[in-house]
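Undergrad: What follows is a structure written as structure tokens; I'll ask about it next.
Protein chains in written order, with this note's numbering: chain A, 1 to 242; chain B, 1001 to 1242.
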């Protein structure tokens, strides 16, 4: 059964304050919970609709339509932020604010074999329920490290290539992309901040089509992340096309 | 000023039924309304916060935080669905259900110079307010034609290349992509339907990294659209990389 106190506790985890206090978060849905159960995450408790009933499930669910299973999960504690490895790709997020965007970026990172994301301290919380759901399970394979990003990048930018997208920069189709480095993605409205922009050693751009056409609007941050990652993962010397 | 009737009318346009009855939709936000005003769309009336006051603005707004301007716009009527032009790229959407996804796909199409989208009749309505907002203005440059998609594609698949993403298909990095054709994107949960899958003449796939890694989850439909469009728009013979 389910006590009033339990219901109140689980509901409280929709707020960052209580997630931090208790070092726990909520994951819902069969696929997501299954992936979390088979990962390094420590699951505190799972609740199944078949056991607690539909009414109780909708009492604890943070979703508009409750799913058959909900898990309360320990937030993993990382003792240190790992130094970047220049033979591997990593992402860095400079103030990404929308939980759906962060979750989608985690999912993209997973697809393209990127297991490390560095996030500025003002990036939205990974354990926000909307973000957890949007990762579709990738949260169990990709690690997000919150850190003072400009300090972190300034320590490492001598040894690691730091990529970032800027209007007017060389096209990603023509730029020389390495096997590794850090790809910085910026805030939804303001892009990459000035202090972090200075640390970007390789500026690149996703060209519109035709390349010389004027575009008032740029692509959404998650969309840009996907296009840039796909280009990095493109094998060299693919067939000439068209 | 603003009459009670006007408020009721504008609010009613959040529902498809009333949009269809009146052949009008709502667009909000300075950027979006500016782009619509300078496009082929016929604007019925605009409302500015400075003129009608903040309280009235929040009465008519369909957004959680009202913007400085709202426009009521005529839904353009297309007398026929244009035949595909095999020298140009177009998209076809097979039952895309989420308005945010459709809006984002319209924005991606605009970025990559695609001005025509064919949509199955069960694809979410383009004039859904969430969709209009997600286009960020691209709705004024990209035309979406609702049609019986499998019939449409079966008429044209002899003369036009029809691409679609399928697990296990040749990688987009290795497939021969033409200058034109129709790229079919499928439903959020079920992908491309069987009847439309049969009409796809060129099956392709966005490979995960590493390419032989197992992935339970695929990419979101808008993300996939962006990666595929970027690869189509990649100039041939870019520099060898890595």
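By construction, the Cβ of each residue, glycine as well, lies at the ideal position given by its N, Cα and C atoms.
Please identify the residue among 1033(B), 1014(B), 1056(B) whose C-alpha is closest to the C-alpha of residue 1099(B).
TA: Closest by alpha carbon: 1014(B).
Undergrad: State the beta-bridge partners of residue 184(A) as determined by DSSP.
TA: Answer by DSSP bridge pairing, in chain order: 92(A), 164(A).
Undergrad: Express the C-alpha separation of residue 154(A) and residue 1149(B) in angstroms, rounding to a whole number.
TA: Roughly 53 Å separates the two Cα atoms.
Undergrad: Going along chain D in order, which residues have a C-beta closer than 8 Å to the C-beta of residue 141(A)?
TA: Among the protein chains of the structure shown, namely A and B, there is no chain D.
Undergrad: Note down the Cα distance separating residue 188(A) from residue 93(A), rounded to an integer number of angstroms.
TA: Distance between the alpha carbons of residue 188(A) and residue 93(A): 11 Å.
Undergrad: State the beta-bridge partners of residue 1116(B) as determined by DSSP.
TA: Note: residue 1116(B) sits in a beta bridge opposite 1143(B).
Undergrad: Indicate whether at least one CB of chain B lies closer than 8 Å to the CB of residue 41(A).
TA: For residue 41(A), the answer is no, since every Cβ of chain B falls outside 8 Å of its Cβ.
Undergrad: Along the chain, where does the beta strand (DSSP E) containing residue 28(A) start, and where does it finish?
TA: Segment 24-28, the beta strand (DSSP E) holding residue 28(A).
Undergrad: Considering only C-alpha positions, which residue in the set 1202(B), 1168(B), 1192(B) is nearest to residue 1177(B)?
TA: It is 1202(B) whose Cα lies nearest to the Cα of residue 1177(B).
Undergrad: Take residue 1030(B) and list the residues in its own chain whose beta-carbon comes closer than 8 Å to its own, dropping the five residues that flank it on each side.
TA: Correct list, in chain order: 1067, 1068, 1069.
Undergrad: Got a sec: is the Cβ-Cβ distance from residue 84(A) to anything in chain B below 8 Å?
TA: So no, residue 84(A) is outside the interface.
Undergrad: Considering only the alpha carbon of each residue, which of 162(A), 175(A), 196(A), 173(A) lies closest to residue 88(A)?
TA: Taking only the C-alpha atoms, the option nearest residue 88(A) is 162(A).
Undergrad: Less than 6 Å between C-beta atoms, sequence neighbours within five positions excluded: which residues of the same chain meet that for residue 1052(B)?
TA: Only 1002 meet the Cβ criterion.
Undergrad: Could you please tell me which residues of the stretch 1159-1173 of chain B, in chain order, have their CB closer than 7 Å to any CB of chain A?
TA: Of all residues in the stretch 1159-1173 of chain B, 1173 have a Cβ within less than 7 Å of some Cβ in chain A.
Undergrad: Could you give the first and the last residue of the continuous beta strand (DSSP E) run that contains residue 71(A)?
TA: Note, residue 71(A): beta strand (DSSP E), 69-74.
Undergrad: Please go through the same chain and pick out, in chain order, the residues whose beta-carbon is closer than 8 Å to the beta-carbon of residue 1130(B), but skip the five residues on each side of it.
TA: 1099, 1100, 1103, listed in sequence order.
Undergrad: Listing by chain order, which chain B residues have their CB less than 7 Å from the CB of residue 227(A)?
TA: In chain order: 1226, 1227, 1230.
Undergrad: Compare the C-beta of residue 104(A) against all C-beta atoms of chain B and say whether one is closer than 8 Å.
TA: It does; some Cβ of chain B falls within 8 Å.
Undergrad: State the beta-bridge partners of residue 1048(B) as determined by DSSP.
TA: Answer is 1069(B).
Undergrad: Can you tell me whether residue 58(A) is helix, strand or coil according to DSSP?
TA: Reduced to three states, the DSSP call for residue 58(A) is helix.
Undergrad: Under 8 Å, Cβ to Cβ, is there at least one residue of chain A near residue 1195(B)?
TA: No, because no Cβ of chain A sits closer than 8 Å to the Cβ of residue 1195(B).
Undergrad: Judging by CA-CA distance, which residue of 1116(B), 1231(B), 1046(B), 1175(B) is the nearest neighbour of residue 1080(B)?
TA: Of the candidates 1116(B), 1231(B), 1046(B), 1175(B), the one whose C-alpha sits nearest the C-alpha of residue 1080(B) is 1116(B).
Undergrad: What number of angstroms, rounded off, separates the C-alpha of residue 1076(B) from the C-alpha of residue 1039(B)?
TA: Between residue 1076(B) and residue 1039(B), the C-alpha separation is close to 12 Å.
Undergrad: Under 8 Å by Cβ, that's how I've got residue 251(A) and residue 91(A) pegged, so tell me the actual separation to the nearest angstrom.
TA: Residue 251(A) is absent from the structure shown; chain A starts at 1 and stops at 242.
Undergrad: Rounded to whole angstroms, what is the Cα-Cα separation between residue 165(A) and residue 212(A)?
TA: Spanning the two alpha carbons is a distance of roughly 17 Å.
Undergrad: Helix, strand or coil: which one does DSSP assign to residue 11(A)?
TA: The answer is helix: DSSP assigns residue 11(A) an H, G or I state.
Undergrad: Measure the alpha-carbon distance for residue 152(A) versus residue 199(A) and round it to whole angstroms.
TA: When rounded, the distance between both Cα atoms is 10 Å.
Undergrad: How would you label residue 173(A), buried or exposed, when you count the other beta carbons within 10 angstroms and need 16 or more for buried?
TA: Buried, because 16 or more other Cβ atoms sit within 10 Å of the Cβ of residue 173(A).
Undergrad: Under 8 Å between C-beta atoms, does residue 1181(B) make it to chain A?
TA: Answer no: the Cβ-Cβ gap between residue 1181(B) and chain A never drops below 8 Å.
Undergrad: Could you give the distance in angstroms between the alpha-carbon of residue 95(A) and the alpha-carbon of residue 1159(B)?
TA: Approximately 47 Å between the Cα atoms of the pair.
Undergrad: When the Cα of residue 1206(B) is compared with those of 1183(B), 1171(B), 1230(B), which residue comes out closest?
TA: Selected option, being the one with the closest Cα: 1171(B).
Undergrad: Short of 9 Å Cβ to Cβ, which residues in the stretch 187-211 of chain A face chain B?
TA: So the close ones are 206, 207, 208, 209, 210, 211.
Undergrad: To the nearest whole angstrom, what separates the beta carbons of residue 1132(B) and residue 1025(B), a pair I think is in contact under 8 Å?
TA: With 8 Å as the limit, residue 1132(B) and residue 1025(B) qualify as a contact, their Cβ atoms being about 6 Å apart.
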